[in-house]
Amino acid sequence: MLPVSLVSNDHALSQAYKLLQQTCPYYAKPNFFEKYVLNSVLSYLEEKEQDLILGMRYDEWIRIRKENAEKIKEHIVKNLAKLIYACNPQTAGDVEEDLRKLVSGSDVVEKSICYLYLFGIYNDCISRYILIRTDNGQVPDYSFYHNKYDQNYACNEAQKVFPDCIKVLQDALNNGFDVRTRFIEIAKDLYLVKQRFPDRSIFESYLLIDRVFAYAHPRELPIGRHPPGELCKELENMARQFFVAYHQYLGIPCDKVEEEFRDYWDIFCRFINSVGIELYYSFQKNGIRRALEKLRKTLSKKEPDYLVIQAPTGSGKTEIMLYTIILAALARKMIFHKHGLGESKANTPVALIIYPRRALANDQMSRLVKYLQVINQHLKNRQLPPITVTIKYTEIRPKEDIESRLPQAFEELKNATANEVEIVLPHGVKAYLVQEGNHAFVELRFITCPDGTSFPRLRVLDNNQIDEIVLCGNTKLDFITLTRKSTYGDVHITLFETLRGHLLSGFRTLFGVKRGNIFDHPIVIALDEIHTYTDIPGVRYAFMIRRVLNKIRWQRQRALKNTEAGFGALVMGMSATIPRPHEFLSALFIDKRINEKTVKDYLIEVEEDEKIPLGTEYFFIVVPTRRAPVDALSVSIQTLMTTFYNTPSLPKNAIYTKKALIFVDELNVLYRLKNELYDPPYFREGALKRLYNGKYVGLQDLRNPYFPNLFNTTVRELRDDAKVIDAISKGYISSVTMTNSWKYGELWWGYMLDSFINKSESTTIFNKVIEFSSRHRDNINEAYVVVSTSSLEVGVDYSDVVLIYQHGAPRTLSALIQRAGRAGRRVYENPLMRIIVGIQLSPDVPHQAHLFELFTTAQGKLRDLLSNDMIFLPTEKSEEVHKQLLVELLLEYYVLNRENRKKILSGKWDECELLRLNYDKVKSYVLYIFKDIYDQQKLENLYQQVMNELNERLQCQP
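Pasting the structure below:
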């Protein structure tokens, strides 16, 4: 609950809350409802401040009179009606009019403004978000200081003055009163920012920024409508059709299919009821239904199909993919068990999940393991075998790699001060030997356990051997393998480059296996973050997908002894950003069926009527000054300081924390920026520190009254009243506007409030900087400022990120939108959450001028710019790639013969043998890959070119 309840203290809101209870009971929780109302008030003020900022009127205030208050109430009404309709589209009556009648005569505006001024956006008195100014100067306030800085004392004082604040604003409403939020405060401070040092005068530094463009946009995200029982009911019919189609596709008798389906569906419904998700979004329900429908069609028609989920970051698209995979794996598990096919050493996956990067795969693994743990418990209750998962990429090492390093690790452990030592495995993969009492474990920290905090372990047995059963705490996860095996689980996770090796290694059960009279193969191929499949690497990925499908096709035809046999498989993709979907998907899947008219048949998107405003994203563009020689890195560092330190920290598990992610697309610039943030040679353990009077101080504290030893230099130079500054330093923020320090952007009151609880000896605790790039990866959980390349662009989720900063122009607009999505992952918990996306651009720099024009024309609405993104995926026009691919296909075809595979493994083969392959047989193998690019004659011409070039390079004898 909030420190002061707006519902219980306001009749109009109380009645509006009852209306919400009647129409949308799940979201009728006082805490959520009140924050949602507060967010409506705050977002209105930010919208007005956006106009002031764009007009360079950084010092102006929003004047609140009766007519403004009525407009704010209308904004509340619109947002509440949007919430009700998004939650329950069948709501009868004119909800807006009912709400309007309730709110029109209330003082909800005055109460909301006082609440944001006194308690802040996180109800903690630290995140106070608004300044108030009245004509007579009377603004109630309170102190944090009572013998010491005491947050509980401060919030008790805030509750006492809350009624007084409301009364003051009610009395002032006729003539009006002024307000400012942190949004325009940060913009003002950015515009006035200078480089500050303890041993230099304020006036020795020049202004770094010529112009600040700032936009405030609510994050429109879906809300849940469907409880698990409803989801189960609405998916049942389509699931039945898929189940029957899978039966028929496998050629297994269907005489008891309804009985089998009832068991199948009961297990899945029990799973979704126990997985911990209370409500599902409509687009999730529709997405799973569409996936089941496409699976049914692809199995019936024996022709591959495609489905792509495009939804904002954090909106639940992963569940569509994972639930589809679980439904497919469970169907096969049930069918095979009922018909005595059982488990097989030569198992083939029912689903392949292919990732472009290991970091993304590692992050997503944890959620899959969590879901499989739940459904496997239901399978175990029925004495059915579990759905298994295997992984194949660098982090997964053979058992022998680990065991060979244990003797040395145990020796190091004897002399270690902690109960663990690091083990470095081949290719730089890290594991940890952990001693707990009489037991030792190898801990693998590249993924987390289902609890989200601990890491999976392998028990060390006698003689330095390991037990390969994975442990999470005391729980055995016997369905997952974290050492390298030659067999495959029901779900197999890999990377594109690893998959390429599989394709060149001959007949592998990864692409299908014959079981008696049936041919079993993957029917779901899942791809994540498909917007990254661009340029020449993207072309290779596109053809890799086609090669996987071709391998399944060829193996099925050979197993069934039917060269005309088709095959069914659904390729699923996911991304938060897909520019010009019809062009991109047609190029990615190399399929002419996808065009502007048909693209909706291949897309799942969030519907507009299920979105509501949750939190707000600030988008800041800073334009470096042209009046003095300034370094781009200096501008970025000062922008980072100003935005990060003035953004409230997030309450999390009884502490306060926050993170900034800084993206730099060039490694050499990344190293320079990291070193500047470390501020060498002065301090290498934190950001922006200097040695001053025998202590390491934060440069940002030159603007922080809480640290008077440093801030006094500012007070003296700007001739502020020491008594006023002392009052401010105790929490009286109503006095900040009386100072010259505030006027010149040298008093950061928002940062000062944070310092009351988040302080080290002489500065803030938010100072540890780390690097996360392809060459060096520190522990992100321990850092506050993370300097990264594109390594953190997709998939990784940290709930305490409040700032995303892009140094220099991003590679693509999609990349920037993806990066922005790394912040604000807790808006569902608190609709008042604010996050910042910042970028430095200059309209005078040619390659930045175009972006500058786009951003300012679109008023900072990043997602509206996707159609302008320059995504390059030339799958049809990359002839040199086609030639290279054709050579790989020749080798791929060559090793299909077991004897040829043996030759390659023994090194006793002649590359010239590729030139002697039977063209007609090769043609039938490769034609599927190129069928939407070349006709037979053009393919034959390409083949002849490749043969001539190979012959010329190899100089083969006839």
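According to the working numbering, the stretch in the sequence shown is residues 69 to 1026, in order.
Think of the CB as a built atom: it goes at the ideal place given N, C-alpha and C, for glycine as much as any other residue.
Count the other CB atoms within 10 Å of the CB of Glu-753; is the residue buried (16 or more) or exposed (fewer)?
-> By one-based count along the sequence shown, residue 753 stands at place 685. Its pLDDT being 46, under 50, Glu-753 is placed unreliably by the model, and the measurement read from it follows with that caveat. Exposed.
Kindly indicate which three-state DSSP category Phe-281 falls into: helix, strand or coil?
-> On the sequence shown, residue 281 is found 213 positions in, with the first residue counted as 1. Reduced to three states, the DSSP call for Phe-281 is strand.
If we ignore side chains and look at the alpha-carbon of each, how far apart do Ile-613 and Asn-630 end up?
-> Position 545 of the sequence shown, counted from the first residue, corresponds to residue 613. Position 562 of the sequence shown, counted from the first residue, corresponds to residue 630. Whole-angstrom Cα-Cα distance: 23 Å.
Other residues of its chain near Phe-657: CB distance less than 6 Å, five sequence neighbours each side excluded | Counted from its first residue, the sequence shown places residue 657 at position 589. Excluding the 5 residues flanking it on each side, Phe-657 has same chain C-beta neighbours closer than 6 Å at Tyr-374, in chain order.
Would you please state the rounded distance, in angstroms, between the beta carbons of Met-640 and Ala-359? I believe it to be under 8 Å.
-> Locating residue 640 in the sequence shown gives position 572, where the first residue counts as 1. Locating residue 359 in the sequence shown gives position 291, where the first residue counts as 1. Contact between Met-640 and Ala-359 holds, with the beta-carbon distance rounding to 7 Å and staying under 8 Å.
Where do the ends of the alpha helix (DSSP H) carrying Leu-973 lie?
-> Locating residue 973 in the sequence shown gives position 905, counting from the first residue. Element bounds for Leu-973: 966-974.
Cβ-Cβ distance between Leu-941 and Ala-594 below 8 Å = The sequence position of residue 941 within the sequence shown is 873, counting from 1. The sequence position of residue 594 within the sequence shown is 526, counting from 1. No, Cβ-Cβ distance for Leu-941 and Ala-594 is not below 8 Å.
Distance CB(Val-1061)-CB(Glu-471) smaller than 8 Å = Outside the displayed span of the chain (69 to 1026) sits residue 1061, for which this structure offers no information.
Per-residue burial, Val-592 [other beta carbons within 10 Å of its own, 16 or more giving buried] = Sequence index remark: in the sequence shown, residue 592 carries index 524 (1-based). The residue is buried, with at least 16 neighbouring Cβ atoms inside 10 Å.
Are Ile-291 and Tyr-95 close, meaning C-beta to C-beta below 8 Å?
-> Numbered from its first residue, the sequence shown carries residue 291 at position 223. Numbered from its first residue, the sequence shown carries residue 95 at position 27. At a Cβ-Cβ threshold of 8 Å, Ile-291 and Tyr-95 count as neighbours.
Say the cut is 7 Å; is the CB of Phe-251 nearer than that to a heavy atom of the ligand FAD?
-> As for the ligand FAD, it is missing from this structure, which has no ligand bound.
Pro-647 and Leu-367 closer than 8 Å at C-beta | For the purposes of this step, residue 647 is taken as the residue at position 579 of the sequence shown. For the purposes of this step, residue 367 is taken as the residue at position 299 of the sequence shown. Taking 8 Å as the Cβ cut-off, Pro-647 and Leu-367 do not qualify as a contacting pair.
Presumed contact (8 Å Cβ cut-off) between Phe-687 and Gly-876, rounded CB distance | For the purposes of this step, residue 687 is identified with residue 619 of the sequence shown, where counting begins at 1. For the purposes of this step, residue 876 is identified with residue 808 of the sequence shown, where counting begins at 1. Their Cβ separation, rounded to whole angstroms, is 16 Å, which puts Phe-687 and Gly-876 out of contact at 8 Å.
Skipping 5 residues on each side, what residues in its chain have a beta carbon closer than 8 Å to that of Lys-720?
-> Taking the first residue of the sequence shown as position 1, residue 720 is located at position 652. When the five nearest sequence neighbours on each side are left out, the beta carbons in the same chain lying within less than 8 Å of the beta carbon of Lys-720 are those of Ser-867 and Asp-868, in order along the chain.
What residue ranges within the segment 189-244 form continuous alpha helix (DSSP H) runs of no fewer than 4 residues, ordered along the chain?
-> If we require 4 residues or more, the alpha helix (DSSP H) runs fully inside the segment 189-244 come out as 219-240.
Determine the direct distance from the alpha carbon of Ala-427 to that of Arg-845, and round the result to whole angstroms.
-> In the sequence shown, the residue the question calls residue 845 occupies position 777. In the sequence shown, the residue the question calls residue 427 occupies position 359. One C-alpha to the other measures close to 11 Å.
Output the boundary residues of the alpha helix (DSSP H) element that contains Ser-342.
-> Residue 342 sits at position 274 when you count from the first residue of the sequence shown. Start and end: 325-342.
Given a threshold of 16 other Cβ atoms within 10 Å of its Cβ, counted over all protein chains shown, does Tyr-750 qualify as buried or as exposed?
-> Translated into the one-based positions of the sequence shown, residue 750 becomes position 682. Low confidence applies here, because Tyr-750 scores a pLDDT of 44, under 50, leaving its location unreliable and the question unanswered by this model.
In terms of alpha-carbon separation, which member of Asn-483, Leu-909, Leu-148 and Phe-251 lies closest to Thr-693?
-> Here residue 693 refers to the residue found at position 625 of the sequence shown. The candidate whose alpha carbon is nearest that of Thr-693 is Leu-909.
Could you tell me the distance, in whole angstroms, from the CA atom of Tyr-760 to the CA atom of Ile-277?
-> As a position in the sequence shown, residue 760 is number 692, starting the count at 1. As a position in the sequence shown, residue 277 is number 209, starting the count at 1. Rounded to whole angstroms, the gap between the alpha carbons of Tyr-760 and Ile-277 is 27 Å.
Could you check the C-alpha separation between Glu-225 and Phe-187 for me, to the nearest Å?
-> Residue mapping note: residue 225 aligns to position 157 of the sequence shown, counting from 1. Residue mapping note: residue 187 aligns to position 119 of the sequence shown, counting from 1. So the alpha carbons of these two residues sit roughly 10 Å apart.
Is it right to say Phe-271 is buried, meaning 16 or more other beta carbons lie within 10 angstroms of its own, or is it exposed?
-> Taking the first residue of the sequence shown as position 1, residue 271 is located at position 203. Phe-271 counts as exposed, since fewer than 16 other C-beta atoms from the protein chains shown sit within 10 angstroms of its C-beta.
Go through its chain and collect everything with a Cβ distance to Val-792's Cβ below 8 Å, but skip five positions before and after it.
-> For this step, residue 792 is matched to residue 724 along the sequence shown. The residues are Ser-803, Met-806 and Thr-807.
What is the DSSP secondary structure of Cys-155, counted as helix, strand or coil?
-> Here the question's residue 155 lines up with position 87 in the sequence shown. In this structure, Cys-155 counts as helix in the three-state DSSP scheme.
Straight-line gap, Ile-848 to Val-862 (C-alpha atoms, nearest Å) | Position 780 of the sequence shown holds residue 848. Position 794 of the sequence shown holds residue 862. Between Ile-848 and Val-862, the C-alpha separation is close to 15 Å.
Pro-681: first and last residue of the uninterrupted alpha helix (DSSP H) it sits in = Position 613 of the sequence shown, counted from the start, is the residue given in the question as residue 681. No alpha helix (DSSP H) holds Pro-681; the beta strand (DSSP E) holding it covers 679-692.
Considering only the beta carbon of each residue, do Thr-566 and Tyr-461 sit closer than 8 Å?
-> Numbered from its first residue, the sequence shown carries residue 566 at position 498. Numbered from its first residue, the sequence shown carries residue 461 at position 393. With contacts defined by Cβ atoms closer than 8 Å, Thr-566 and Tyr-461 form a contacting pair.
In terms of residue numbering, what span does the beta strand (DSSP E) encompassing Tyr-423 cover?
-> Locating residue 423 in the sequence shown gives position 355, where the first residue counts as 1. Where Tyr-423 is concerned, the enclosing beta strand (DSSP E) stretches over 419-423.
Output the distance between the C-alpha atoms of Ser-573 and Asp-535, rounded to the nearest integer angstrom.
-> Stepping through the sequence shown from its first residue, residue 573 is reached at position 505. Stepping through the sequence shown from its first residue, residue 535 is reached at position 467. Each residue's Cα considered, the two are about 29 Å apart.
In the structure shown, what three-state DSSP assignment does Val-862 receive?
-> Along the sequence shown, read from residue 1 onward, the residue named residue 862 stands at position 794. DSSP places Val-862 in the coil class of the three-state scheme, outside both helix and strand.
Put Gln-874 into one of helix, strand or coil per three-state DSSP.
-> Translated into positions along the sequence shown, residue 874 becomes position 806. Gln-874 falls in the strand class under three-state DSSP.
Mind checking Val-492: buried by the 16 CB within 10 Å criterion, or exposed?
-> Within the sequence shown, the letter at position 424 stands for residue 492. Val-492 should be labelled exposed.
What's the C-alpha gap between Glu-678 and Leu-151?
-> Taking the first residue of the sequence shown as position 1, residue 678 is located at position 610. Taking the first residue of the sequence shown as position 1, residue 151 is located at position 83. Counting only the Cα atoms, Leu-151 lies some 8 Å from Glu-678.
Return the bridge partner residues of Val-592 from the DSSP annotation.
-> Counting from 1 along the sequence shown, the entry for residue 592 is found at position 524. Residue pairing by DSSP puts Val-592 in a beta bridge opposite Ala-419 and Leu-638.
Name the one or two DSSP bridge partners that Ser-856 has.
-> Locating residue 856 in the sequence shown gives position 788, where the first residue counts as 1. Per DSSP, Phe-731 and Phe-840.
Range covered by the alpha helix (DSSP H) that runs through Cys-300 = Within the sequence shown, the letter at position 232 stands for residue 300. Start and end: 296-318.
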